[in-house]
Amino acid sequence: MIQKYAREITVLPGACDSSAALGIPDTFALFMDIATEHACALGCGIDVLAPKGLFWLTVRTRVRFFRRPKMLERVTVSTWPEPPGKLRTDRDYAIERDGVLLAAGKTEWTVLDTKTGKLHPMADVFAPGADYKPETVWAEPFTHMPDAPMEEFARHTVRSTDIDLGGHMNNAAYVRALAGAFSCKEWQGMNIRELEIAYRASCYEGDTLVWQKSADGDTVSLRAALPDGKTIALARIVTG
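Just so we're aligned, residue 1 is where the sequence shown starts under my numbering, counting upward by one.
Set out below in structure tokens:
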């Protein structure tokens with residue numbers, strides 16, 4: 001079992017934002033991609049699960065940024081799963097340069113049985129008795145984010161480019177849509193140190209996401225809802 005999966009990458013222009021650094025939505029996408037690679041190496045990737053009618057779902061993700069790597073910088077990206085629970089499992093991520101941690105993340109995952117609509121036991125997904133890496137990027141739990149209406153500040157129409165193979169909006173596409181709700185000056189001016197997002201329900205091509213926000217000191221709370229008020233995602237940004 002490959003406990004910790006790592007590879008070197010070059011931060012290419014297509015993954016950078018207006019600051020010529022690895023974009024925040026692109027960081028979420030990068031972590032999703034390397035998790036997919038590692039899951040395939042572990043024998044529980046989409047290539048194995050899809051024929052069984054099983055599908056990995058992101059429950060929530062938190063990413064902390066210490067220094068976003070610049071365009072053309074060479075960095076090492078790594079990931080590893082923590083010991084799985086009955087129905088959910090956490091996976092950790094790190095981006096490093098010469099042994100210095102630039103960004104770290106953690107995602108809570110679950111597996112959906114598309115035939116029954118129910119969550120599938122992790123014991124049937126990961127190899128029984130596997131030796132999981134005890135390392136964790138941080139020990140504290142994910143943040144409890146209250147679900148309450150806030151002031152609307154933007155809307156996003158879910159487009160074909162937001163949709164993944166599951167037929168719903170991809171988890172990284174929410175972060176990209178959120179970033180797009182701000183101007184470049186606003187987004188860069190927040191000096192984002194942490195972004196956490198929890199997914200509550202799926203949305204689909206043609207849906208309208210209503211972005212709402214409120215600020216309290218260095219924390220910006222956000223809510224994505226449908227026009228009828230149904231909560232789709234909750235998020236928080238810690239600024240610096």
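We put the CB at the ideal spot given by N, CA and C, even for glycine.
With a cutoff of 8 angstroms on beta-carbon distance, Thr231 and Ala225 are scored as near each other.
Ile95 and Gly229 have their C-alpha atoms roughly 37 angstroms apart.
By the neighbour-count criterion, in which a residue is buried when 16 or more other Cβ atoms sit within 10 angstroms of its Cβ, Trp211 is buried.
Within the DSSP secondary-structure output, Phe65 pairs in a beta bridge with Ala103. Within the same chain, and ignoring the five residues on either side of Ile237 in sequence, the residues whose Cβ sits closer than 6 angstroms to its Cβ are Ile192, Leu195, Val220. About 13 angstroms separates the CB atoms of Leu87 and Thr116; that is not less than 8 angstroms, and the two are not in contact. Put simply, the backbone Cα of Ser160 is about 31 angstroms away from that of Glu73.
No Cβ-Cβ contact shorter than 8 angstroms links Ala177 with Val137. Looking at the DSSP output, Asp216 sits in a beta bridge with Thr219. Note that the C-beta distance between Leu209 and Val175 is not below 8 angstroms. Residue environment: Asp147 is assigned as exposed (fewer than 16 neighbouring CB atoms within 10 Å of its CB, all protein chains considered). The C-beta of Arg7 has fewer than 16 other C-beta atoms within 10 Å across all chains shown, which makes the residue exposed.
If the five residues before and after Gly240 are omitted, its C-beta is found closer than 6 angstroms to the C-beta atoms of Asn191, Arg193, all from its own chain and listed in chain order. Separation of the CB atoms of Leu119 and Leu54 is rounded to 10 angstroms, and the pair is thereby denied contact status at 8 angstroms. By the criterion of a C-beta distance shorter than 7 angstroms, Ala233 is surrounded in its chain by Tyr174, Ile197, Ala198, Tyr199, Arg200, Ala224, once the five residues flanking it on both sides are discounted. A direct Cα-Cα distance of roughly 19 angstroms separates Asp162 from Ala35.
Shortest Cα-Cα distance from Val77 to any of Leu101, Val59, Arg60, Trp56 involves Leu101. When the beta-carbon positions are compared, Lys106 and Met150 stay at least 8 angstroms from each other. DSSP links Glu196 through a beta bridge to Arg62, Arg236. DSSP links Ala224 through a beta bridge to Trp211, Ala233.
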